[in-house]
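A.B. asks: Once you've had a glance at the structure underneath, I'll fire off some questions.
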DNA sequence: TATGAATGAGATTTCATTCAT
DNA sequence: AATGAATGAAATCTCATTCAT
């Protein structure tokens, strides 16, 4: 009932993936505490003891879910970046993956951060990896900008870091927004474009020293 | 033991605030589910039945905590905005409040979203209110921009909405970043300035239609 | 139903004793693992959570039961010994207590030794205390003997120790035997007398060096 | 993995012994309940279903273990007795076997008594058999004694039974004592000698009616 | 002869919540 | 205004046992 397949006697590796699927879905929907092992077992179409036999405990199951989703997201972003090393590609890959795996994205963005150290650390590591990508891409974008500009200053480390964090935060918020129905069906591409618009101009401003400053009105 | 005061026979209004203090702290630290009513009662320095007498249930207590903290944040942002109706002031006020009330901020940003409908709605309402501020401020900034620019197009509703979400997300991410030790002690002011830099330029670009577009490299 | 009293709202100290009573009975009858916390709670006439509230866990409950019964037994033996410092009194006190508290005795002798370190140690400590009593009493009896005998050698430390262990073991076995129906209703007094008969003569033999030795037939 | 052999296709009789070995070890170490069928299967180097195929259930496995060890002990004692029909030989044989098979001895002495009817009966039967030996041997010793004494009364049935129980209990206690390191390495022979000393003299006293009685001091 | 896959039943433990004072 | 005593309901986890090959 509600179970994945009706098939019996499935090899372990396959069952484990089914269980992780169920875990991701249940945790994303109900949160760590509210998703019971009974729910997850039923969703996976197996009995509870089998879940314990393969994944040992609720905590380990949660960790395994987070790890799988984090790895998938990082892989998606990395692949996008490796195609052409553009900020646009990275953002686009990120939004596309988040849109295609809304439960995985919710698990990482909403659920995993809520629960103590072990999980939050896992997600923080993934986020750091993505921030690192973005930082590199901002560097590349800065060089691109500089080529087409008369004079350009060099960005300080914390400037780039702050920028990267702002960008990732904006991306996360937009991913949520796009994931909701509330955005009126805006696509991953549009979200990426909106953000690029923002980032590109902000970057240019920053490089040319024409940026906004507190004593300016606005 | 560890309770707030040791004093007895405290008027209801005061006791309630003590309980909310305890609730905010406990929920922010441990999350909704892991914070037990026992913990909260002990933290508040009263017995559990009294908590129930005044706040009825864990859900209501949580809601009351969120409402209080959300109101405080909105009030802070509103006050900042009302001083001079500038985007900068709003952002600055937001960062300052988040920095001064880390537990309240954690409660709103990290914990409240995790839990199903009743609470999430509360937070969504607050977020919507802030997005609304930002939307208005963006409108004001757009007019400001337009005054100094040759030609400026009018922004579409979803554009503004997307921008506002990106901005709020970036702000939240920066608030976390600044809240950590990892930013090397960056202040609320600096975070606000970084973000303004970003937003201001992006906004200009958008208004002038000179923004980045996917077929451009970068 | 089957619960101790029907009384409600009993002070904690009293309830705790009722719980220990129930624990001793249940553990003695069914063993540690087979006695469920449900059984114990029902036997004590309270709900399970109350048992946990007061005694924390099954292990702690078991420990508390063992400790109480061990203390009671030691106290009984000590009191008997202190009345007149005779081996007879000690044995008699021991048998009387074991006969009057068969469940406590079973708990200590049969159940507690079966389960790992923490409990076995508790019982071993109690047994050591009793062996110590017996050792002292053997010393006294030896002096008594010596006064009425022509020549008497001094006992070696390990001889006394071995004797004490044998005596305690014999007493334990007899306590079980007397506790069963199988002894045909033999009383504690008779068991004590039988054992004294044994011990007294054995002691005399040993002191006079007329004891049995392997190369003798028999 | 820690299993006995790695060899496949072993004849049933051999496999069964391997399983009993594993069972005895596991039950002696952890007790009936704590030793899981998984543990035992792993220890035996086979899969769980095979254990069930050969031994049907945990209860039957336990019973088989007890039976094998009890038979071994009884056989050892019987052999010793049959050599020369002396109490000394029986005790000596008993101690020697217990010392050489500590896990079997633990199983019989400590674990088997704990668990309800089915097992306890098994052990009780063995104990009864040994008590019976001892009773016969005491009879023989009594005749021996009588031959060298002026006048000797006849022992009542319960007297002999009590004696036998005391003796067996003392023997068990001494077996534990000698089995520990605490006895300072006392051997089976010494334990047997200590006990014989005790028994021999007690017996003589009893036969001659010169034993200790409650109104005597001591 | 032998095993990987799977489960029903039941154990301990926790927690929000109420009663009686 | 305030609390010690008490519980219903549900969660995680374990284990003896069987199925299908």
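Chains as they are written, first to last, in our numbering: chain A, 1 to 218; chain B, 1001 to 1218; chain C, 2001 to 2218; chain D, 3001 to 3218.
Heads up, the beta-carbon is just placed ideally off N, CA and C, and yes, glycines get one too.
Comparing C-alpha positions only, which one of C:2101, C:2136 and C:2119 sits nearest to residue 2155 of chain C?
C.D. replies: Closest by alpha carbon: C:2136.
A.B. asks: Let's test the definition: count the other Cβ atoms within 10 Å of the Cβ of residue 3056 of chain D and tell me whether it reaches 16, buried, or not, exposed.
C.D. replies: Exposed, because fewer than 16 other Cβ atoms sit within 10 Å of the Cβ of residue 3056 of chain D.
A.B. asks: Just checking: is the beta-carbon of residue 97 of chain A within a distance shorter than 9 Å of some beta-carbon in chain B?
C.D. replies: No, because no Cβ of chain B sits closer than 9 Å to the Cβ of residue 97 of chain A.
A.B. asks: If I'm right that residue 94 of chain A touches residue 110 of chain A with Cβ under 8 Å, what's the distance once you round it to whole angstroms?
C.D. replies: Not a contact, Cβ separation roughly 16 Å.
A.B. asks: I'd like to check one pair, residue 3191 of chain D with residue 3177 of chain D: are the Cβ atoms closer than 9 Å?
C.D. replies: Going by C-beta atoms, residue 3177 of chain D is nearer than 9 Å to residue 3191 of chain D.
A.B. asks: Going by C-alpha distance, which of A:153, A:159 and A:169 is nearest residue 130 of chain A?
C.D. replies: With distances taken between Cα atoms, residue 130 of chain A lies closest to A:169.
A.B. asks: Taking 9 Å as the CB-CB limit, is residue 1218 of chain B close to chain A?
C.D. replies: Unreliable placement is indicated for residue 1218 of chain B, whose pLDDT of 46 sits below 50; no coordinate value is reported for it.
A.B. asks: Which residues, taken in chain order from the stretch 1086-1112 of chain B, show a beta carbon closer than 7 Å to some beta carbon of chain A?
C.D. replies: Under the 7 Å Cβ criterion, the stretch 1086-1112 of chain B contributes 1086, 1087, 1088, 1110 and 1111.
A.B. asks: Are residue 2098 of chain C and residue 2073 of chain C closer than 9 Å when you measure CB to CB?
C.D. replies: Yes, Cβ-Cβ distance for residue 2098 of chain C and residue 2073 of chain C is below 9 Å.
A.B. asks: Between residue 3022 of chain D and residue 3104 of chain D, what straight-line distance do the alpha-carbon atoms span, to the nearest angstrom?
C.D. replies: About 11 Å.
A.B. asks: DSSP three-state label for residue 85 of chain A, please.
C.D. replies: If DSSP states are grouped into helix, strand and coil, residue 85 of chain A belongs with coil.
A.B. asks: Using alpha carbons as the reference points, say which of C:2172, C:2162 and C:2173 lies closest to residue 3198 of chain D.
C.D. replies: For the residues C:2172, C:2162 and C:2173, the minimum Cα distance to residue 3198 of chain D belongs to C:2162.
A.B. asks: Quick one: residues in its chain with C-beta nearer than 7 Å to the C-beta of residue 1020 of chain B, no 5 flanking neighbours on either side, listed in chain order?
C.D. replies: Hits under 7 Å: 1064, 1065 and 1068.
A.B. asks: Can you list, in chain order, the residues of its chain whose CB lies under 7 Å from that of residue 2080 of chain C, leaving out five sequence neighbours each side?
C.D. replies: Same-chain partners within the cutoff: 2089, 2090, 2092 and 2093.
A.B. asks: Using three-state DSSP, classify residue 3108 of chain D as helix, strand or coil.
C.D. replies: Reduced to three states, the DSSP call for residue 3108 of chain D is helix.
A.B. asks: Listing by chain order, which chain B residues have their CB less than 9 Å from the CB of residue 204 of chain A?
C.D. replies: Chain B residues near residue 204 of chain A: 1201 and 1205.
A.B. asks: Using a Cβ cut-off of 9 Å (strictly closer), state whether residue 133 of chain A contacts chain B.
C.D. replies: It does not: the Cβ of residue 133 of chain A has no partner Cβ on chain B nearer than 9 Å.
A.B. asks: Would you decide whether residue 2047 of chain C is buried or exposed? Buried here means 16 or more other CB atoms lie within 10 Å of its CB.
C.D. replies: Exposed, by the Cβ-count rule.
A.B. asks: Using the beta-carbon of each residue, which ones in chain C are nearer than 8 Å to residue 3018 of chain D?
C.D. replies: None at all; the shortest Cβ gap to chain C is about 25 Å.
A.B. asks: Can you name the residues of chain D whose CB is closer than 7 Å to the CB of residue 2033 of chain C?
C.D. replies: Correct list: 3033.
A.B. asks: Just checking my contact of residue 3227 of chain D with residue 3106 of chain D at CB under 8 Å: how many whole Å lie between their CB atoms?
C.D. replies: The shown model of chain D, from 3001 to 3218, leaves out residue 3227 of chain D, and the question about it has no answer.
A.B. asks: Kindly list, in the order they appear in chain C, the residues whose Cβ is closer than 8 Å to that of residue 3062 of chain D.
C.D. replies: Neighbours of residue 3062 of chain D on chain C: none; closest Cβ ~13 Å, over 8 Å.
A.B. asks: Could you tell me which chain D residues have their CB closer than 8 Å to the CB of residue 2055 of chain C, listed as they occur along the chain?
C.D. replies: Neighbours of residue 2055 of chain C on chain D: none; closest Cβ ~21 Å, over 8 Å.
A.B. asks: At least one CB of chain C closer than 9 Å to the CB of residue 3194 of chain D: is that the case?
C.D. replies: Yes, its Cβ sits closer than 9 Å to a Cβ of chain C.
A.B. asks: So what does DSSP say about residue 1025 of chain B, is it helix, strand or coil?
C.D. replies: Reduced to three states, the DSSP call for residue 1025 of chain B is helix.
A.B. asks: Would residue 71 of chain A count as contacting chain B if we go by Cβ distances under 9 Å?
C.D. replies: No, its Cβ sits nowhere closer than 9 Å to a Cβ of chain B.
A.B. asks: Beta-carbon of residue 3036 of chain D versus every beta-carbon of chain C: anything under 9 Å?
C.D. replies: So, not an interface residue.
A.B. asks: Quick check on residue 1054 of chain B: does DSSP put it in helix, strand or coil?
C.D. replies: Helix at residue 1054 of chain B.
A.B. asks: Please name the residue, chosen from A:45, A:166 and A:16, that lies closest to residue 1196 of chain B on a Cα-to-Cα basis.
C.D. replies: Here the closest residue by C-alpha is A:166.
A.B. asks: Ordered along the chain, which non-local residues of its own chain (more than five positions away) have a Cβ less than 8 Å from that of residue 1035 of chain B?
C.D. replies: Excluding sequence neighbours, residue 1035 of chain B sits near 1023, 1026, 1027 and 1029.
A.B. asks: To the nearest angstrom, how far is the alpha carbon of residue 1108 of chain B from that of residue 1010 of chain B?
C.D. replies: Roughly 29 Å separates the two Cα atoms.
A.B. asks: Where does residue 3061 of chain D sit, in a helix, a strand or coil, going by DSSP?
C.D. replies: Residue 3061 of chain D: helix per DSSP, three-state reduction.
A.B. asks: Quick check on the burial criterion: 16 or more other C-beta atoms within 10 angstroms. Buried or exposed for residue 82 of chain A?
C.D. replies: Looking at its Cβ environment, which holds fewer than 16 other Cβ atoms inside 10 Å, residue 82 of chain A is exposed.
A.B. asks: Classify residue 11 of chain A as helix, strand or coil using the three-state DSSP reduction.
C.D. replies: Three-state result, residue 11 of chain A: coil.
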